[in-house]
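Here the protein sequences come in this chain order: A and B.
Per the working numbering: the first sequence = residues -4 to 496.
Per the working numbering: the second sequence = residues -4 to 496.
We put the CB at the ideal spot given by N, CA and C, even for glycine.
All values reported here derive from a predicted model rather than from experimental measurement.
Here is the structure we will look at, set down as structure tokens.
There are 2 protein chains.
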Amino acid sequence: MEDVIFMPLTVAIGQLNPAAGDLAGNVRKICSFVATAREGGADLIIFPDRAITGYGGVDLVDRQGVVEEELLLFEEVRGASEGISVILGSERMGSLVSEGSEGDVQAHDLFDCILNLKGVRVGVLRGELSVDEVSRYGQGLGVDLIANLVARPFSVGGRGRVMDRLAWVAMECGVGVVQVNMVGGDGGFVFNGGSSVIDPGGVVEFAAPQFVEGVFIHTIGSKTELPPSLSEIEVVYDALLIATRDYLQKNGFKRAVVGLSGGIDSSLTATICADAIGPGNVTGVSMPSQITSSESREDALLLAENLGIEFREIPITTIFNEYLRTLREEFGRRVGGVAEENLQSRIRANILMAISNRFGHLVVATGNRSESLVGYCTLYGDMAGGFAPISDVPKTMVYRLAELVNEKAGFERIPGRVILKEPSAELRVGQRDTEALPPYHVLDEILKALIDEKKSVEEVIDSGYESEIVLDVIRRVRESEFKRRQAPPGVKIVSSIKEAL
Amino acid sequence: MEDVIFMPLTVAIGQLNPAAGDLAGNVRKICSFVATAREGGADLIIFPDRAITGYGGVDLVDRQGVVEEELLLFEEVRGASEGISVILGSERMGSLVSEGSEGDVQAHDLFDCILNLKGVRVGVLRGELSVDEVSRYGQGLGVDLIANLVARPFSVGGRGRVMDRLAWVAMECGVGVVQVNMVGGDGGFVFNGGSSVIDPGGVVEFAAPQFVEGVFIHTIGSKTELPPSLSEIEVVYDALLIATRDYLQKNGFKRAVVGLSGGIDSSLTATICADAIGPGNVTGVSMPSQITSSESREDALLLAENLGIEFREIPITTIFNEYLRTLREEFGRRVGGVAEENLQSRIRANILMAISNRFGHLVVATGNRSESLVGYCTLYGDMAGGFAPISDVPKTMVYRLAELVNEKAGFERIPGRVILKEPSAELRVGQRDTEALPPYHVLDEILKALIDEKKSVEEVIDSGYESEIVLDVIRRVRESEFKRRQAPPGVKIVSSIKEAL
């Protein structure tokens, strides 16, 4: 094998944010990125996996048609790529390569193909690099550079593991690695981009920023200043923001409407919406009943003022009373209990849906992961909506995100009282979440052990939690599965750990 | 190879209806079936695939625990099977065999194992028989009888294909086949049973009835009278009935509540519920608004009387007016349009959910497949419910089922006017489904071509439908995907064709 040599190859990273199913639109963007890369002097542009179809881009209907359309559209890309080589990933056809006038392509055992370009052998591989295979080849891989195309769903804490693995691969094989990742929200996931170039010594020589779409040009072998690194919670906030922005945009919605209860979940959700699509495009609706405290009403209003979003207060008292009157007549007694609690939540959903139907806003649901997992939420009530930005965010992380929002703003953008008050659904006088659930820091630890770490009930009890509490949590998780089946789409943040690596 | 000889082996078919996830309960039933089979003189009892876990029996949580529990519970079965051999299928561990005192087990290439019992070599195979493998072995299979354990989701028209294939396998290899199938509703599917014994000449020598749980004993080589064969539409009705009964029972519900509009979908749904769990356990609720015709109110009442179910009329007029008043104040104008239509549907859902919350009924949703696919339904409105029995039944099949109901009853159990009237959502004065949709016989043909046969839009247009209509249908299917994502669970009838064979 030859030694690895200095390679004067200029590579463009096409950190793309495709829209699921909009193949023609995605290809228009790909072609414009190709032109930008050529003007920037790149020899080669590398796009992520599933660049043409998007991540969720397999439609219910007409699957065969999609494959044909994708191939046809790649010919358009080929036509637009004079003087530059182009690589992109396809779910159905592996790596698609337009070798350009200077390159040529040959087959390989491990890689989808080898692109020979300006004397550099680029091994093209779509999907995760297999540690086993890489180990087997080691320094005898026979390429100078790996072009790795991925579409890797973001997960909390995932980036560190990815970068460690890339460094390991580079060192194990003594070659450089360019890994290009998708960016943006698509098909229920969010992609963080952060495409990187690693040198044969395992050192990062270039990294594109996370959550930013664009063409990033880099000459292999040179060093560039890396983008500032973000804290874990900053990355989560960016992920939720991009996921929300893209969900609205890719589904044709300009405006969002959020029910504001004065609690922390709806406050954070409205903040994310305001940051994602601009405060002028967000309507916050407070819908007090006779049970709602004056503090909650004030906090909802104060939040809306701080965010600069449109604010409406639509009391549900008279509608609620009319239901109670009608049902009392029918039942021969007070409605009471859970039925009465859920009614309020469902009236609010009806009002938000009426606003959506009348004015075309997307109803953004405000539930968090902890309450969803234990079913502490109302089906067709607070669960209603077209998109649920924080539905995979544990309640304890909701608090961290709210604190981040205020820290970044330099003032209590989310009112301090919202963060400090005891959590309550306010569907009954004096109600507190802790009447039904353990404190959230305990609940989140138990859920993490049971769900994310797949520990058995016995193991969780043995690790120091009261068996009564653990058994109650697992019962709630099981009995509320029917609710989650009807939940609106959200974005995976914690739950994609397995998919991510 | 030896000739196939007459085998005096008496086999019991354990046509089991397990409950997803209730491993201990399923094993209690398995053990009682084993006892029945032994008392009936059987040498061997064969259960379907996934007998211990049920079909949907992989819980979100504690997967490792499930595998261990299943193995442990199979030891209980083994302990209860003195003097008889037992075979059952496991998703995780293939075929589990308790050979009994007379049998012994050996390995085989094609089969999970061979059970030698009273001089008969029984090849045990879990899952569908591979046509390729069977062809490869042909007459040299080296067994006398195949015991094939399946859990095959029912699909319209599937049984004929299954029986043809079994006959082909028997003749190709010159051996008998016992195929044991699951029965009952489980995990979103329904299983029709109909377990069969085929002789080496490809002739059915025994068949257990469809949709009936039980132990069926048969001596290999003898002929028994076959159960009467059912028409396609009779089988569908039975499938819906069993699926509904089992969904309620396995989820701990004794009573169902159905909104009765006076239309054919809710009339058929209420009839299925009454037949599934008894009319005394079903409540029908008519919820007229100012738009509801007197005919619709009369038809809802007449249906309830015919079925013998509890009937309530809860007018929504005052609640609807209170919403309109509140929202008009807010909007500064009439609510109008889709917002006003959907409101009525959502008020009805709220009332049904309040009854469910107050009295513990399961809300049974009434939507059909055609309207669901084109999104002609209201999210959190008529789509609301815990189970949707006809959500995979095309509208044209709804009519056939209603006619079957009346034919079987010998009178217009579903009022004739319900079947004859023009379909309408009655959310606006004079509204008719055909204002928005093509006639249902056309819509169902287009949906069949696009969805079930996966034809491209061009192919469907070329086969003789107006392009404007086809394009409108495909647009509706695509734009309503977000609604189906939040639909209640139902039972696959048409859509499981692919899974079934």
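Bridge partners - residue i, DSSP secondary structure assignment
i: residue 278 (chain A); result: A:252, A:305
i: residue 47 (chain A); result: DSSP output for residue 47 (chain A) lists no bridge partner at all.
i: residue 219 (chain B); result: According to DSSP, which records beta bridges pairwise, residue 219 (chain B) is partnered with nothing at all.
i: residue 485 (chain B); result: B:383
i: residue 90 (chain A); result: A:84
i: residue 561 (chain B); result: Outside the shown range of chain B, which is -4 to 496, sits residue 561 (chain B), and nothing can be said about it.
i: residue 5 (chain B); result: B:214
i: residue 108 (chain B); result: B:119
i: residue 142 (chain B); result: B:119, B:173
i: residue 241 (chain A); result: Answer by DSSP bridge pairing: none, since residue 241 (chain A) is not bridged.
i: residue 39 (chain B); result: B:6, B:80
i: residue 181 (chain B); result: B:184
i: residue 101 (chain B); result: B:109
i: residue 357 (chain A); result: A:251
i: residue 95 (chain A); result: DSSP output for residue 95 (chain A) lists no bridge partner at all.
i: residue 148 (chain A); result: A:186
i: residue 209 (chain A); result: A:10
Any chain A beta carbon closer than 7 Å to residue i
i: residue 325 (chain B); result: yes
i: residue 313 (chain B); result: yes
i: residue 105 (chain B); result: no
i: residue 362 (chain B); result: no
i: residue 128 (chain B); result: no
i: residue 486 (chain B); result: no
i: residue 379 (chain B); result: yes
i: residue 221 (chain B); result: no
i: residue 338 (chain B); result: yes
Exposed unless 16 or more other CB atoms sit within 10 angstroms - verdict on residue i
i: residue 313 (chain A); result: exposed
i: residue 134 (chain B); result: exposed
i: residue 285 (chain A); result: exposed
i: residue 213 (chain A); result: buried
i: residue 404 (chain A); result: exposed
i: residue 450 (chain B); result: buried
i: residue 436 (chain B); result: exposed
i: residue 33 (chain B); result: buried
i: residue 222 (chain A); result: exposed
i: residue 224 (chain A); result: exposed
i: residue 184 (chain A); result: buried
i: residue 150 (chain A); result: buried
i: residue 389 (chain A); result: buried
Supposed contact pair residue j and residue i - C-beta distance, whole angstroms, cut 8 Å
i: residue 364 (chain A); j: residue 489 (chain A); result: 7 Å
i: residue 383 (chain A); j: residue 482 (chain A); result: 7 Å
i: residue 397 (chain B); j: residue 263 (chain B); result: 5 Å
Beta-carbon proximity list for residue i, same chain, < 6 Å, skipping 5 on both sides
i: residue 28 (chain A); result: 9, 210
i: residue 297 (chain A); result: 410
i: residue 442 (chain A); result: 368
i: residue 330 (chain B); result: 319, 322
heavy atom of the ligand MG below 6 Å from residue i C-beta
i: residue 16 (chain A); result: Absence of the ligand MG from the depicted structure is noted, as is the absence of any ligand whatsoever, leaving it without description.
Cutoff 7 Å: residue i Cβ touching any chain B Cβ
i: residue 368 (chain A); result: no
i: residue 321 (chain A); result: yes
i: residue 451 (chain A); result: yes
i: residue 174 (chain A); result: no
i: residue 317 (chain A); result: yes
i: residue 56 (chain A); result: Residue placement at residue 56 (chain A) cannot be trusted, given a pLDDT of 46 that sits under 50; the coordinates are not used to answer.
i: residue 15 (chain A); result: no
Beta-carbon proximity list for residue i, same chain, < 8 Å, skipping 5 on both sides
i: residue 512 (chain B); result: Residue coverage of chain B in this structure runs from -4 to 496, which leaves residue 512 (chain B) outside it and unanswerable.
i: residue 194 (chain B); result: 165, 171, 200, 216
Proximal residues to residue i (C-beta, below 7 Å), its chain only, five neighbours per side dropped
i: residue 299 (chain B); result: 255, 279, 306
i: residue 232 (chain A); result: 396, 399
i: residue 469 (chain B); result: 445, 452
i: residue 276 (chain A); result: 249, 250, 251
i: residue 337 (chain A); result: 373, 376
i: residue 94 (chain B); result: 80, 100, 110
is_contact[residue i, chain D] using C-beta, thresh 7 Å
i: residue 375 (chain A); result: Given the protein chain composition of this structure (A and B), no chain D is represented.
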